[in-house]
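In the working numbering, the protein residues as written are 939 to 1494.
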């Protein structure tokens, strides 16, 4: 979002205008005072006042330099760099000006009235050039100069001026003559300084009009006071008279305004902006916390409802399973169903096809949870729907046709391509005691326990039911097996043999076959519990990684 421009204050131009009027009226009044303003206030009194005023001036100069020096790294503005250099040099020259003032203890060489005046003119000229140069620079222009280089350069210039004025003042033209006062050159230089500052004022006022930068109009106000300071310094005859003192007072006022402008711009405004941003951030954080809490409650409510729906779906899925002990004419089933989540991707069913035939299957859908559970319902409904008509019942008697039909239905559905189904389907004829079965890629091998024999059922070309019907047509084959009374058939999903204990050891097919071998003489119920108990003791409280299904059938 674009930043909204700051509206201009109608009274912004009032500051420089009112300052100009007050300074000019005071100047006119004092200039009409005649001899009074040229009255010397006494050397000792003047020196005390002068030292205090210059001390304040130097304090403001170095305060401004230090302020800009320390904020330069995060905010390297070229305009501020120029001002910092000007105030540093001006501050040092003001120190030399004060220490070399007539009446003060000798400063390296005997003090005179000409030396402090020369320091003064050079300092004011440096400051005026700095003000105009800064006004010519765009406010936001960045500087690429090291602040330490700036410090070294400013110090070198200050030392150079100190050497020339203190030890080689004879190289410079006179700006003050004892008994006569200011020289024409000094007066001309003062007016040059005034002209430079007036040009800076004009540029800053124009800048405010153009970009509405309040600091520009405030700094221009300070320069107006500084201009009148220079006018007073053009009027004194004795270095101890009132004009000189009033000029120093104006200088202190101008510097104090400049310091305030730069302090506000570099410290107070960023701090206030940071404070506002902090308050806004806290408000956003409070609002965000409320929204998070609200969203959290909504999520908890949604999750609660979702858990209820999942629990209901689990109950529905469980209700569709046959009883754990399901006696049918000529055959009895024992089953165990352990989902690794609330809903399972494993499913099995046992159903009567007609008076002689009992059908049963075990299906293992890829993945776990809701999506896999829905696919199991699709499988169960697809198979059982064939019981509704004679042609469908005939299909149920052929396991290979059931798997083929299921493959076709699966490929014509909108089930995602990445889902696949593994399945074993069998039909038991109670009259002939023959089992007809076919496998669609079930990755565990059904086991037959017959007398003293324990062996795996043979499967031919098992191919999973998956979304490849557009370019592959699998063939499922019926396999027949003659059984006798007392024979048992064990179907199980891969979750049984792949489950691991606390040590990370798998239950394994080998362990299962060993249990069957050791318990082959037990009845079906005892054998079922032996498998279930041994498995439970093996995994203990270890979370299952896959669904576990056990289906044990016994022939009578």
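Every residue gets a Cβ at the ideal spot worked out from N, C-alpha and C, and that includes glycine.
Neighbourhood of residue i by C-beta distance below 7 Å, restricted to the same chain and skipping five residues each side
| i | result |
| --- | --- |
| residue 1367 | 1294, 1295 |
| residue 989 | 1036 |
| residue 1211 | none |
| residue 1333 | 1324, 1339, 1340, 1343 |
| residue 1131 | 1062, 1063, 1066, 1168 |
Boundaries of the alpha helix (DSSP H) in which residue i is found, first to last residue
| i | result |
| --- | --- |
| residue 1025 | 1016-1037 |
| residue 1482 | Here residue 1482 belongs to no alpha helix (DSSP H), and DSSP marks it neither H nor E. |
| residue 1330 | 1328-1334 |
| residue 1180 | 1180-1201 |
| residue 1152 | 1152-1171 |
| residue 1459 | Careful: residue 1459 lies outside any alpha helix (DSSP H) and carries neither H nor E. |
| residue 1349 | 1337-1349 |
| residue 1048 | Unbroken run through residue 1048: none, as it is neither H nor E. |
Sequence-distant residues of the same chain with beta carbon closer than 6 Å to residue i, five excluded per side
| i | result |
| --- | --- |
| residue 940 | For residue 940, the predicted structure reports a pLDDT of 43, less than 50, and the residue's modelled location is therefore unreliable. A value from the coordinates is still provided. So no residue of the chain qualifies. |
| residue 1457 | 1465, 1468 |
| residue 1014 | 1080, 1081 |
| residue 1289 | 1297 |
| residue 1397 | 1377 |
| residue 1010 | 1085 |
| residue 1474 | none |
Straight-line Cα distance separating residue j from residue i
| i | j | result |
| --- | --- | --- |
| residue 1070 | residue 1224 | 49 Å |
| residue 1229 | residue 1241 | 18 Å |
| residue 943 | residue 1036 | Any reading at residue 943 is ruled out, since the residue's pLDDT is 46, under 50, leaving its predicted position unreliable. |
| residue 936 | residue 1194 | Because residue 936 is not part of the residues shown, which for the chain are 939 to 1494, the question remains open. |
| residue 1232 | residue 1238 | 10 Å |
| residue 995 | residue 962 | 22 Å |
| residue 1201 | residue 1005 | 7 Å |
| residue 1058 | residue 1031 | 7 Å |
| residue 1243 | residue 1249 | 10 Å |
| residue 1442 | residue 1488 | 22 Å |
| residue 1485 | residue 1215 | 55 Å |
| residue 1444 | residue 1433 | 10 Å |
| residue 1492 | residue 1309 | 33 Å |
| residue 1430 | residue 1409 | 31 Å |
| residue 1049 | residue 1040 | 6 Å |
| residue 1349 | residue 1447 | 32 Å |
| residue 1007 | residue 1235 | 52 Å |
| residue 999 | residue 1113 | 24 Å |
| residue 1087 | residue 1187 | 33 Å |
| residue 1060 | residue 1125 | 13 Å |
| residue 1028 | residue 1064 | 7 Å |
| residue 1483 | residue 1449 | 18 Å |
| residue 953 | residue 1163 | 11 Å |
| residue 1147 | residue 1052 | 42 Å |
| residue 1462 | residue 1439 | 26 Å |
| residue 1012 | residue 1171 | 39 Å |
| residue 1455 | residue 1424 | 15 Å |
| residue 1067 | residue 1151 | 22 Å |
| residue 1149 | residue 1115 | 47 Å |
| residue 1191 | residue 1217 | 35 Å |
| residue 1227 | residue 1354 | 39 Å |
Per DSSP, cross-strand counterpart(s) of residue i
| i | result |
| --- | --- |
| residue 906 | Examination of residue 906 is not possible in this model, given that the chain is present from 939 through 1494 alone. |
| residue 1374 | 1365, 1418 |
| residue 1429 | 1489 |
| residue 1284 | 1302 |
| residue 1359 | 1303, 1403 |
| residue 1289 | 1297 |
| residue 1438 | 1444 |
| residue 1379 | 1361 |
8 Å CB neighbourhood of residue i in its chain, flanking five on each side removed
| i | result |
| --- | --- |
| residue 959 | none |
| residue 1305 | 1283, 1357 |
| residue 1109 | 1102 |
| residue 1393 | 1385, 1386 |
| residue 1323 | 1330 |
| residue 1142 | 1073, 1154, 1155, 1157, 1158, 1161 |
Enclosing beta strand (DSSP E) for residue i [first to last residue]
| i | result |
| --- | --- |
| residue 1388 | 1385-1388 |
| residue 1391 | 1391-1394 |
Closer than 7 Å to chain D by CB, residue i
| i | result |
| --- | --- |
| residue 1436 | Given the protein chain composition of this structure (a single chain), no chain D is represented. |
Residue i Cβ short of 6 Å to the ligand MN heavy atom set
| i | result |
| --- | --- |
| residue 996 | The ligand MN is not part of this structure, which contains no ligands at all. |
Which whole runs of the alpha helix (DSSP H) in the region 1063-1090 are 4 residues long or more, in chain order? none
What residue ranges within the region 1098-1153 form continuous alpha helix (DSSP H) runs of no fewer than 4 residues, ordered along the chain? 1122-1149
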